[in-house]
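Student: Chains as they are written, first to last, in the UniProt record's numbering: chain A, 1 to 402; chain B, 1 to 406. We put the beta carbon where it would ideally sit given N, CA and C, even for glycine.
Here it is as structure tokens:
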């Protein structure tokens, strides 16, 4: 790919450090994909450095030695004279929990303080005249910093060379896809899978109807408390808003309309000031402009205030049964189904309970054990709703054909 | 005699910029050499106009251009930002993202407001010679830490015009520090969190029960001023509120109880007496000693406005601007005489213009570029010029070195 005119690139890609075992520099493709904005670069460097640290700490012995030998880290050993000169300072800066008289005295390395910013920030190093005296047990700090600096430089150089690739129509879409999945924090599975299946635009007034037909209990609960109280607290808005954005492909204009209508008790002024920004933010139109993904079951189960958690987990058994019946009896859920669901809940298999509800309420086309397709159980509210919408559409098309 | 009323009207400001403001000195200081370099031409200036209109991304080719624009816009003050990758004034015409901060003096801001919880002499915007003691202590600690530990030499301290002080560090290496490195450096210099909420939260700056060498050095100095500043001048533990604040740093409840009873019964005991009570207790119980050291650090260690130092793109008021509330000039200060500095003795813009008038009457009016030489502004400008000279010498030395290598 970089043969010919791009010789300069190779010098940076084939790093001065050869790759040793698991202590590797990242793949070139990644550099290409993640070099293109400040934000991408920062996140990528952070993730890669963390990975490198884990590998480095994990990897005793040969690989590490080979890695250290492969590169000149440009540190100076501190000679015995200096060691004596700063003896008291070393003792104060690097306290030993248990003094062992037989222990050989520690070795120190001298580097510019900017090479070990993490030690400096925590005041865990002795500084003199701009030099940091790093004890050998903190040596890894220098290595990590070096790795980070090198990676940053490689990314910046790649970024500068990238415009030359702009005309290549084969490569860029791949790069875009790679980096976007990373930015969203999840693979692209649920971020725009439905943008394509919903060709007719969803309008704000259709949401109520959609909720009754397709939403899992957690989102039903949010929807109903929004309708009842004309309000939702911040995390509820965030969770429900992202869900609507992703699963229905609701446009930002329609989202603003929907929330404005739902919050019927507040003034336009207050709405514009206090809520509109957050809606636009969740669409990546304000602030850091991130394309936030909707929350998965795991996130809903583990994080956040309990009132917006997974109802199978947070509701008391009585409330849960009542909620299930009132929400899904129209779609065929009967009291006789409840014991089975409650048994799953009792053994903390919340996703099993949710999946069973899905099967029951879509019994026209789904058999027990089919789950949300191919026997899978629910792992994401969007998956639940998306499959439900898909089934309805298929059923409709089948009718049209007839 | 400085006039009591503060006149910073547009007319006064304009005369000040036209006749007194040392643009050439500011240029030399920022540019490090005589011929305009990127350090000046790619530098952001931001103006605060009359009526609090804020104008960012200004940049200039040379000192005269800067002066012309300042005289035309007549701002109440202006600020200096980083050296960008391109000229900031071209911001709108260049590709988005192409304008990024590259270099910037390492700056620090110490402000009296961060001491409001412990100072007893003034409140809010007020500052007197007594509270200056806190600032002077901070200056000594920061100045020697930067020189000794980080090895930087090109430091200049500038009075902020009201109740604080700024430090600008122009060493080549310091100019090139990344935001991440700046953050680390600030972390190194931060030992206490000044804001109200966190003050009760004890910061653990010891590791393994010992103070790290940097804080030991600071402590050696702070011990010498603690008595005068905290005990006699500020009388920090005089009031009940004051000594309760002190007691919260002592973890041993028996010591706290016995001291509290003693002090409640004799409210006339001075801060010194109370500190001596504590010292006596500590001599009987040596494990109290670290606590006493921590208290000294807590009360006297510099309280930095960390956000200012962390990012290269932070703007900071230029030296020799006029503080709009006090009319005082933001003058550079010499560390050697920082303890004797009296904020109220700083020349105000009104006073300087009066001096100019007096000269004008004596000599017949000839407006020259360096009218400041005839006013009490002179020693301060000289101080900056001397500093800039050392920066220029450094650049010349660098250049000669590279010349020889060829």
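#1: I'd like to know if residue 258 of chain A contacts chain B, where contact means its C-beta is closer than 9 Å to some C-beta of that chain.
#2: Residue range of the alpha helix (DSSP H) that residue 306 of chain B falls in?
#3: Residues of chain B with a CB under 8 Å from the CB of residue 410 of chain A: which are they?
#4: My parser needs the beta strand (DSSP E) runs of 3 or more residues fully inside the region 89 to 139 of chain B; what are they?
#5: On the criterion of 16 or more Cβ atoms from any shown chain inside 10 Å, does residue 34 of chain B qualify as buried, or is it exposed?
#6: For residue 137 of chain A and residue 219 of chain B, I'd like the C-alpha separation in whole angstroms.
#7: Just to confirm the assignment, what range does the alpha helix (DSSP H) spanning residue 23 of chain B have?
#8: What residues in the region 118 to 133 of chain A have a beta carbon less than 8 Å from any beta carbon of chain B?
#9: In whole angstroms, what separates the C-alpha of residue 223 of chain A from that of residue 208 of chain A?
#10: Taking only beta-carbon atoms, is residue 188 of chain B less than 9 Å away from chain A?
#11: What residues match up with residue 135 of chain A in a beta bridge as DSSP calls it?
#12: By how many angstroms is the C-alpha of residue 166 of chain B removed from the C-alpha of residue 28 of chain A?
#13: Could you have a look at residue 48 of chain B and say whether DSSP puts it in helix, strand or coil?
#14: Which residue comes first and which comes last in the alpha helix (DSSP H) that contains residue 52 of chain A?
#15: Report the rounded CA-to-CA distance for residue 64 of chain B versus residue 23 of chain B, giving the unit in angstroms.
#16: Could you tell me the alpha carbon to alpha carbon distance between residue 394 of chain B and residue 402 of chain B, rounded to whole angstroms?
#17: Quick check: what's the CA-CA separation for residue 196 of chain A versus residue 36 of chain A?
#18: Between residue 149 of chain B and chain A, is the shortest Cβ-Cβ distance under 9 Å, so that the two count as touching?
#19: Rounded to whole angstroms, what's the CA-CA distance from residue 125 of chain B to residue 360 of chain B? Just pull it up for me.
#20: Output needed for residue 134 of chain B: all residues of its chain with C-beta closer than 6 Å, excluding positions within five of it in sequence on either side, in chain order.
#21: Hey, how far is the Cα of residue 148 of chain A from the Cα of residue 49 of chain A?
#22: From the beta carbon of residue 249 of chain B, is the nearest beta carbon of chain A less than 9 Å away?
#23: How many Å lie between residue 106 of chain A and residue 386 of chain B at the Cα?
#24: Within 9 Å (strictly less), CB to CB, does residue 152 of chain B reach chain A?
#25: Shorter than 9 Å from the beta carbon of residue 293 of chain B to some beta carbon of chain A?
#26: Residue 425 of chain A lies in the beta strand (DSSP E); which residues open and close that run?
#27: Could you tell me the boundaries of the beta strand (DSSP E) in which residue 166 of chain B lies?
#28: With a threshold of 6 Å on Cβ separation, who are the neighbours of residue 338 of chain B within its own chain once the five nearest residues in sequence on each side are excluded?
#29: For chain A, check one thing: does any of its Cβ atoms lie closer than 9 Å to the Cβ of residue 215 of chain B?
#30: Restricting to Cα atoms, I'd like to know which of A/206, A/30, A/394 is closest to residue 364 of chain A.
#31: Give, in chain order, every unbroken run of the alpha helix (DSSP H) that is at least 4 residues long and sits entirely within the region 302 to 358 of chain A.
#32: In the structure shown, what three-state DSSP assignment does residue 209 of chain B receive?
#33: Does the beta carbon of residue 314 of chain A come closer than 9 Å to any beta carbon on chain B?
#34: Looking at residue 121 of chain B: is its Cβ nearer than 9 Å to the Cβ of residue 233 of chain B?
#35: Tell me which residues share the same chain as residue 3 of chain B and place their Cβ nearer than 6 Å to its Cβ, disregarding the 5 neighbours each side in the sequence.
#36: Give the range of the beta strand (DSSP E) segment to which residue 54 of chain B is assigned.
Tutor: Let's see:
#1: As a first step, residue 258 of chain A must be located in the first chain, where it is residue number 258. False, the Cβ-Cβ gap to chain B never drops below 9 Å.
#2: Counted from its first residue, the second chain places residue 306 of chain B at position 306. Counting along the chain, the unbroken alpha helix (DSSP H) around residue 306 of chain B starts and ends at 306 to 310.
#3: Shown here, chain A extends from 1 to 402; a query on residue 410 of chain A therefore has no answer.
#4: With a minimum length of 3 residues, the unbroken runs of beta strand (DSSP E) contained wholly in the region 89 to 139 of chain B fall at 101 to 103, 106 to 111.
#5: In the second chain, the residue the question calls residue 34 of chain B occupies position 34. Taking all protein chains shown into account, residue 34 of chain B has fewer than 16 neighbouring C-beta atoms within 10 Å of its C-beta and is therefore exposed.
#6: By 1-based counting over the first chain, the position of residue 137 of chain A is 137. By 1-based counting over the second chain, the position of residue 219 of chain B is 219. Rounded to whole angstroms, residue 137 of chain A to residue 219 of chain B spans 28 Å at the Cα level.
#7: What you label residue 23 of chain B is simply residue 23 of the second chain in a count that begins at 1. For residue 23 of chain B, the uninterrupted alpha helix (DSSP H) segment begins and ends at 23 to 31.
#8: Within the region 118 to 133 of chain A, 118, 120, 121, 122, 123, 124, 126, 127, 128, 129, 130, 131 place their CB atoms closer than 8 Å to a CB of chain B, listed in sequence order.
#9: Walking along the first chain from the start, residue 223 of chain A turns up at place 223. Walking along the first chain from the start, residue 208 of chain A turns up at place 208. As the crow flies, the alpha-carbon of residue 223 of chain A is around 8 Å from that of residue 208 of chain A.
#10: The residue labelled residue 188 of chain B in the question sits at position 188 within the second chain. A Cβ of chain A is located within less than 9 Å of the beta carbon of residue 188 of chain B.
#11: Along the first chain, one-based indexing puts residue 135 of chain A at 135. Bridge partners of residue 135 of chain A: A/108.
#12: On the first chain, position 28 is the one that residue 28 of chain A refers to. On the second chain, position 166 is the one that residue 166 of chain B refers to. Going by C-alpha positions, residue 28 of chain A is about 45 Å away from residue 166 of chain B.
#13: Residue mapping note: residue 48 of chain B aligns to position 48 of the second chain, counting from 1. Taken through DSSP and simplified to helix, strand or coil, residue 48 of chain B comes out as strand.
#14: Residue mapping note: residue 52 of chain A aligns to position 52 of the first chain, counting from 1. According to the DSSP assignment, residue 52 of chain A belongs to the alpha helix (DSSP H) that extends over 38 to 58.
#15: The residue labelled residue 64 of chain B in the question sits at position 64 within the second chain. The residue labelled residue 23 of chain B in the question sits at position 23 within the second chain. Roughly 8 Å separates the two Cα atoms.
#16: Sequence index remark: in the second chain, residue 394 of chain B carries index 394 (1-based). Sequence index remark: in the second chain, residue 402 of chain B carries index 402 (1-based). Each residue's Cα considered, the two are about 13 Å apart.
#17: Position 196 of the first chain, counting from 1, holds the residue named residue 196 of chain A. Position 36 of the first chain, counting from 1, holds the residue named residue 36 of chain A. With a pLDDT of 39 at residue 196 of chain A, under the threshold of 50, the predicted position of this residue should be treated as unreliable, though the coordinate-derived value follows. Between the C-alpha atoms of residue 196 of chain A and residue 36 of chain A there is a straight-line separation of about 27 Å.
#18: For the purposes of this step, residue 149 of chain B is taken as the residue at position 149 of the second chain. Proximity of residue 149 of chain B to chain A, defined by a Cβ-Cβ separation below 9 Å, is satisfied.
#19: By 1-based counting over the second chain, the position of residue 125 of chain B is 125. By 1-based counting over the second chain, the position of residue 360 of chain B is 360. Straight-line Cα distance between these residues: approximately 35 Å.
#20: Taking the first residue of the second chain as position 1, residue 134 of chain B is located at position 134. Same-chain partners within the cutoff: 115.
#21: Within the first chain, residue 148 of chain A is the residue found at index 148, counting from 1. Within the first chain, residue 49 of chain A is the residue found at index 49, counting from 1. About 6 Å.
#22: Working through the second chain from its first residue, we reach residue 249 of chain B at position 249. Cβ-Cβ to chain A under 9 Å: no for residue 249 of chain B.
#23: Numbered from its first residue, the first chain carries residue 106 of chain A at position 106. Numbered from its first residue, the second chain carries residue 386 of chain B at position 386. If you take the alpha carbons of residue 106 of chain A and residue 386 of chain B, they lie about 45 Å apart.
#24: Taking the first residue of the second chain as 1, we reach residue 152 of chain B at position 152. Yes, residue 152 of chain B counts as interfacial toward chain A.
#25: What you label residue 293 of chain B is simply residue 293 of the second chain in a count that begins at 1. Proximity of residue 293 of chain B to chain A, defined by a Cβ-Cβ separation below 9 Å, is not satisfied.
#26: No answer is possible for residue 425 of chain A: it lies beyond the span of chain A, which begins at 1 and ends at 402.
#27: In the second chain, counting from the first residue as 1, residue 166 of chain B sits at position 166. That run of the beta strand (DSSP E) goes 164 to 169.
#28: As a working mapping, residue 338 of chain B is identified with position 338 in the second chain. Spatial neighbours of residue 338 of chain B in its own chain (CB-CB distance under 6 Å, excluding positions within 5 residues in sequence) are listed in chain order as 136, 139.
#29: Taking the first residue of the second chain as position 1, residue 215 of chain B is located at position 215. At least one chain A Cβ lies under 9 Å of residue 215 of chain B.
#30: Looking up residue 364 of chain A in the first chain gives position 364. Among A/206, A/30, A/394, the Cα nearest to that of residue 364 of chain A is on A/394.
#31: With a minimum length of 4 residues, the continuous alpha helix (DSSP H) runs that stay inside the region 302 to 358 of chain A are 311 to 314, 317 to 328, 338 to 346.
#32: As a first step, residue 209 of chain B is located in the second chain; it is residue number 209 there, counting from the start. In this structure, residue 209 of chain B counts as coil in the three-state DSSP scheme.
#33: Counted from its first residue, the first chain places residue 314 of chain A at position 314. So, not an interface residue.
#34: Here residue 121 of chain B is taken as the residue at index 121 of the second chain, counted from 1. Here residue 233 of chain B is taken as the residue at index 233 of the second chain, counted from 1. In this structure, residue 233 of chain B lies closer than 9 Å to residue 121 of chain B by Cβ.
#35: The count along the second chain starts at 1 and reaches residue 3 of chain B at position 3. With a pLDDT of 44 at residue 3 of chain B, under the threshold of 50, the modelled position of that residue is not reliable, and no figure is offered here.
#36: Residue 54 of chain B sits at position 54 when you count from the first residue of the second chain. Its beta strand (DSSP E) spans residues 53 to 58.
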